[in-house]
Amino acid sequence: MNIHPIRTRDDYRAAMERASYFFDNMPEPGTEAGDEFDILITLIESYERKNIHVFPPNPIDAIKFRMDQAGLTPKDLMKSIGQQNRVYEILNGRRELTLPMIRNLNRDFGIPIESLVGVA
């Protein structure tokens with residue numbers, strides 16, 4: 435086992451490549467390969483937390499993603515947003531979500547508040 439800290443993008447790529455091998459050939463826990471895999475995953479997660487920033491989607495993309503996931507139509511959003519024309523105004527970016535709409539979408543469809551508020 436030849437493991438070292440992940441300090442650079444090249445180190446990260448190498449660790450990801452090695453970890454992908456283990457995902458395809460899952461090692462037994464407690465074996466040398468299993469220990470190597472556990473250590474790699476820990477190092478990768480640490481590197482990603484410090485160096486790779488993932489921002490939530492914009493609110494419209496979050497709503498459309500959930501619609502696609504759940505097979506929803508704009509009509510399904512009326513309970514949370516209001517009249518059908520209001521739903522289309524939101525989906526087309528011509529109107530901003532209000533706080534009650536955000537709460538309703540979170541409650542009714544499980545869309546995370548962070549995604550509905552958007553990045554400032």
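Numbering (the numbering used here), first residue to last: 435 to 554. Just so it is clear, CB atoms sit at the ideal spot from N, CA and C, and this is done for glycine as well.
{"Query": "Do the stretch 511-524 and the stretch 458-475 touch if we need at least three Cβ pairs shorter than 8 Å?", "Result": "no"}
{"Query": "Quick check on DSSP: helix, strand or coil for Gly468?", "Result": "helix"}
{"Query": "What separation, rounded to the nearest whole angstrom, lies between the Cα atoms of Ala448 and Leu477?", "Result": "12 Å"}
{"Query": "What is the DSSP secondary structure of Glu451, counted as helix, strand or coil?", "Result": "helix"}
{"Query": "Which term fits Ala554, buried or exposed, when burial requires 16 or more other beta carbons within 10 angstroms of its beta carbon?", "Result": "With a pLDDT of 49 at Ala554, under the threshold of 50, the modelled position of this residue cannot be trusted, and the question is left open."}
{"Query": "Is the beta carbon of Ile497 less than 8 Å from the beta carbon of Ile545?", "Result": "yes"}
{"Query": "For the alpha helix (DSSP H) containing Met460, name the first residue and the last one.", "Result": "From DSSP, Met460 is part of no alpha helix (DSSP H); its letter is neither H nor E."}
{"Query": "Starting from Asn436, trace the alpha helix (DSSP H) in both directions and tell me its first and last residue.", "Result": "No alpha helix (DSSP H) contains Asn436, which DSSP labels as neither H nor E."}
{"Query": "Considering Cα atoms alone, identify which of Asn526, Gly516 and Arg528 is closest to Pro534.", "Result": "Gly516"}
{"Query": "Measure the alpha-carbon distance for Arg529 versus Arg500 and round it to whole angstroms.", "Result": "19 Å"}
{"Query": "Helix, strand or coil for Leu531 per DSSP?", "Result": "coil"}
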